[in-house]
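So the structure is just underneath, and the comments pick up after that.
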Amino acid sequence: MAITILVTAFGSFPGARANPTIAILRALERDWGRAFARAGFELRTAALPVLYEGAEARVQALISQMRPHVVLHLGLAARRPGLSFEACARNRLSVLHPDAVGARSGRMVLAPHGPMVRRARAPLARVLAAMASSGAACALSRDAGDYLCNQTFYASLATAAPCVGFLHIPRPRNLARPLAKARLRPNRAPTLPQTCTATAKAMWVLARYFSSLNTVFLLPKS
122 MAITILVTAF GSFPGARANP TIAILRALER DWGRAFARAG FELRTAALPV
172 LYEGAEARVQ ALISQMRPHV VLHLGLAARR PGLSFEACAR NRLSVLHPDA
222 VGARSGRMVL APHGPMVRRA RAPLARVLAA MASSGAACAL SRDAGDYLCN
272 QTFYASLATA APCVGFLHIP RPRNLARPLA KARLRPNRAP TLPQTCTATA
322 KAMWVLARYF SSLNTVFLLP KS
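Each residue of the sequence shown is one higher than the one before, starting from 122 at the first, in our numbering.
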């Protein structure tokens, strides 16, 4: 039985009319789908809208429907200097930042009776080492923010998916918007190919990790 990997990206939101996570998702399908299939990993993808309303139910329904063994969410963190693999999601939400339709969340806590922190189900050190081998700058992050990224990650970690991670990316260097001359500074963000390679390597580690530690999930039901 193939190991199913679900990778999600987000649509547009204020400040990112063209969210580069969608471009990464399409590049993964095009450039890595066959390689994963040959290894026995089935790649599935989904684009999530940046909408507070229904966000948790939406991602949980997706996971329930697809029943992936590995879930990796991709989110944009344009101001970060490199790729950030999140170590945890926090029980909080912004009431300040509008979503794609201009709505605000209206609540500061995701789950009133939920844990303050839910930790990623992933081998963090191995994921970072694999991503770094792509040449892209990367680091472990312990703060997934308080926007839809954190909301989605927190909700996913409440599901039965065995392996769940979140990767924040900066805007890839070759997709970055040009800066005014007065503000021009070196852009050290990874390129789109570097970002795709680093993401694929993270997916590979997550799939192998699941395969080695959770083979019971691969057994067909009696």
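Beta carbons are placed, not taken as given, at the ideal position from N, Cα and C, and that holds for glycine.
Only a predicted model underlies this, so the values are computations on that prediction, with no experimental measurement involved.
- The residues V192, R242, S277 and L278, in chain order, have a CB closer than 6 Å to that of V285 in the same chain once the five nearest residues on each side in sequence are set aside.
- In this structure, Q272 is the residue among S332, S333 and Q272 with its C-alpha nearest to the C-alpha of V216.
- For E177, the enclosing alpha helix (DSSP H) starts and ends at A176 to M187.
- Contact check for T320 against I143 fails: the beta carbons are separated by 8 Å or more.
- With contacts defined as CB atoms closer than 8 Å, G132 and A253 fail to qualify as a contacting pair.
- For the pair of segments examined, the segment 256-274 was found to touch the segment 201-212: the number of CB pairs separated by less than 8 Å reaches three.
- Membership of A144 in any beta strand (DSSP E) is not indicated; the residue belongs instead to the alpha helix (DSSP H) covering P141 to R159.
- Residue state for V171 is assigned as coil, using DSSP reduced to three classes.
- Less than 8 Å divides the Cβ of R309 from the Cβ of P202.
- Bounds of any beta strand (DSSP E) do not take in L214, whose DSSP letter is neither H nor E.
- A distance of 8 Å or more separates the beta carbons of L197 and A148.
- Of the residues assessed, A130 falls on the buried side of the cut-off, its CB having 16 or more other CB atoms within 10 angstroms.
- Nearest to P314 by C-alpha distance, out of R179, L249, V248 and W153, is W153.
- Between R200 and the set E150, R165, F274 and R294, the nearest pair of CA atoms involves R294.
- V248 and V128 have their C-alpha atoms spaced approximately 15 Å apart.
- Assignment of R329 by DSSP, reduced to helix, strand and coil, places it in the helix class.
- Across the set A167, A176, A158 and T316, the C-alpha of T316 shows the shortest separation from the C-alpha of G256.
- DSSP lists H194 as the bridge partner or partners of F287.
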